[in-house]
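Plus 5 on top of the position in the sequence shown (first one is 1) and you've got the numbering used here.
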Amino acid sequence: MIINFASDCSGIDAPAIALKKLGIGYNYIFASEIDKKLYNYINIKYKPQYIFDNILTRNHKKLPKNIIDLYVAGFPCPSFSSASAIHEGFESDRGQIFFHVYDTIKHTQPNCFILENVKGLITHDKGETFKKIKNYLSKLNNYTVYYEIINSKYFTPQNRVRIYIIGVKHSFINKKYKLNFDDYNKTQKHIKSIIDKNITYKDTLSNNKKKLLQEVINKKNINTNDYWIINLNTSHVNYATALLNLSPTILTSSQMYYITKLKRFLTIKELQKLQGLQTVNLEPFTKTEKYKIIGNSITVNVLMYIIKKILL
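Encoded structure:
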């Protein structure tokens, strides 16, 4: 099977990775990525026919029309995220990207599209932001649009709740046929499934981090012989997320996710596994860039599930 594929806000290109893992061949029609290093990475590795460095300045009307089978965009989330200090929504350039994504869908008319964002998109501005998005997408009369809340923890041991907006063209799948995006196994994955058993070292904590760790242990009554994952990349106990047998949401600065039983942090390779990115070579990037790339990615495992539903 070979499809025509396109993406925006491409990042490390999780959709392309998902397609490869599914054994689906593709012609890469276009991509966009504002980060220069990732732009070059995509251009060299995936060789899309067209690649843009800024979706905001692109003329969407000049994009190829009626040939794309799958379009994927994880439009930026900080404007809508409860975990961010930035809550400006549509008022920022990043918030405006949704409208460019919408125009891209409107002009290219893909058979299917997948949009991903944080769950906070639904409640942002007392629901007005999400209402506006739904109003825009309702204008795509030739599509059935689904709004699905999916937690990555059922696909990989990471608590990552995201909204996936899935559109399917009526000429591709009859509008009378309703797809079900809730039939996956609801058993939570265990962190042990991604742990590298060959790592035996223990990480040394600074005095401040030792104090923070003990505060979290006391506050949450944690048994340190269990697999608790604690986010120590903060200075206050109230912000130090801790979960049993499960990683907190991977962020763009996840270098201090402490495993109590092993007395060390999750490695970059383990963080990659939590996002389904274990096959990706991140060596061309700096350590800081690697954390950012992993935290910004769509979870590949979830994408694979959705793509299988709409294409296979």
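Even for Gly, the Cβ is constructed at its ideal location relative to N, Cα and C.
### Task
Write down every uninterrupted run of the alpha helix (DSSP H) in the segment 222-301 whose length is 4 residues or greater and which is fully enclosed by it, in chain order.
Runs of the alpha helix (DSSP H) lying entirely within the segment 222-301 and spanning at least 4 residues, in chain order: 273-279, 292-301.
### Message
What does DSSP give as the partner residue(s) for glycine 28 in the beta ladder?
### Response
Per DSSP, glycine 28 has no beta-bridge partner at all.
### Query
Which residues in the same chain as aspartate 208 place their Cβ atom closer than 6 Å to its Cβ, once the five residues preceding and following it in sequence are excluded?
The answer, listed in chain order, is Arg269, Phe270.
#### Entry: Residue closest to isoleucine 4, alpha-carbon to alpha-carbon, out of Thr291, Tyr296, Lys297, Asn286
Here the chain covers residues 6 to 317 and nothing more, so residue 4 does not appear.
### Proximal residues to alanine 247 (C-beta, below 6 Å), its chain only, five neighbours per side dropped
The answer, listed in chain order, is Val221, Lys225, Trp233, Ile235.
### Task
To the nearest angstrom, report how far apart tyrosine 262 and leucine 237 are at their CA atoms.
Here the alpha carbon of tyrosine 262 sits roughly 6 Å from the alpha carbon of leucine 237.
### Query
For leucine 267 versus glutamine 193, is the C-beta distance shorter than 8 Å?
Taking 8 Å as the Cβ cut-off, leucine 267 and glutamine 193 do not qualify as a contacting pair.
### Query
Between phenylalanine 80 and isoleucine 110, which are expected to be in contact by the criterion C-beta below 8 Å, what is the C-beta distance as a whole number of angstroms?
Not a contact, Cβ separation roughly 12 Å.
### Message
I need the DSSP call for asparagine 213, collapsed to helix, strand or coil.
### Response
Three-state result, asparagine 213: helix.
### Task
Could you name the residues of the same chain whose beta carbon sits closer than 7 Å to that of tyrosine 310, not counting the 5 residues immediately before and after it, in chain order?
The answer, listed in chain order, is Phe160, Tyr189.
### Message
By the DSSP assignment, the alpha helix (DSSP H) with tyrosine 324 in it spans what residues?
### Response
Any answer about residue 324 is impossible in this case: the structure gives the chain only from 6 up to 317.
### Task
Output the residue ranges of the alpha helix (DSSP H) runs that lie fully inside the segment 129-153 and measure 4 residues or longer, sorted by chain position.
List check, alpha helix (DSSP H) in window: 133-142.
### Query
Does the count of Cβ pairs from the segment 118-135 and the segment 165-176 closer than 8 Å reach three?
The segment 118-135 vs the segment 165-176: in contact.
### serine 89 to threonine 293 span [Cα, whole Å]
Note that serine 89 scores 45 on pLDDT, short of 50, meaning its location in the model is unreliable and no value can be drawn from it.
### Query
Taking the beta strand (DSSP E) that leucine 75 falls in, what are its first and last residues?
Residues 75-78.
### Query
Would leucine 316 pass as a contact of serine 302 if the rule is Cβ separation under 8 Å?
Result no, Cβ atoms of leucine 316 and serine 302 do not sit closer than 8 Å.
### Message
At the level of alpha carbons, what is the spacing between lysine 313 and glycine 16?
### Response
Separation of lysine 313 and glycine 16 (C-alpha to C-alpha, rounded to the nearest whole angstrom) is 22 Å.
### asparagine 122 - containing beta strand (DSSP E), residue span
Element bounds for asparagine 122: 117-123.
### Residues bridged to glycine 172 [DSSP beta-bridge criterion]
The secondary-structure analysis by DSSP pairs glycine 172 across a beta bridge with Phe118, Val150.
### Query
Can you check whether the CB of glycine 300 is closer than 8 Å to the CB of threonine 257?
Yes, Cβ-Cβ distance for threonine 257 and glycine 300 is below 8 Å.
### Task
Leaving out five residues on either side along the sequence, give the residues of the same chain with a beta carbon under 8 Å from the beta carbon of asparagine 32.
Around asparagine 32, the same chain offers Ile7, Ile8, Asn9, Phe10, Gln54 as residues with beta carbons nearer than 8 Å, after the five sequence neighbours per side are excluded.
### Task
Consult DSSP for alanine 90 and reduce its assignment to one of helix, strand or coil.
With a pLDDT of only 45 at alanine 90, under the threshold of 50, the placement of this residue in the model should not be trusted; the figure read from the coordinates follows. Three-state DSSP puts alanine 90 in coil, outside helix and strand.
### Task
Compute the Euclidean distance between the alpha carbons of asparagine 228 and isoleucine 196, then round it to the nearest angstrom.
Distance between the alpha carbons of asparagine 228 and isoleucine 196 is about 16 Å.
### Message
Tell me the residue span of the beta strand (DSSP E) that contains tyrosine 310.
### Response
Counting along the chain, tyrosine 310 falls outside any beta strand (DSSP E), though it belongs to the alpha helix (DSSP H) covering 305-316.
### Presumed contact (8 Å Cβ cut-off) between phenylalanine 35 and isoleucine 56, rounded CB distance
Their Cβ separation, rounded to whole angstroms, is 7 Å, which keeps phenylalanine 35 and isoleucine 56 in contact under 8 Å.
### Message
Between isoleucine 199 and proline 253, how many whole angstroms is the CB-CB distance? I'm expecting something under 8 Å.
### Response
Taking a contact as a CB-CB distance under 8 Å, the pair isoleucine 199 and proline 253 does not count as one, their CB atoms being some 14 Å apart.
### Query
Considering tyrosine 182, what are the terminal residues of the beta strand (DSSP E) in which it resides?
From DSSP, tyrosine 182 is part of no beta strand (DSSP E); its letter is neither H nor E.
### Message
Contact defined as beta carbons within less than 8 Å: I believe proline 20 pairs with leucine 308. What is the distance between those atoms, to the nearest angstrom?
### Response
A Cβ-Cβ separation of about 6 Å places proline 20 in contact with leucine 308 under the 8 Å criterion.
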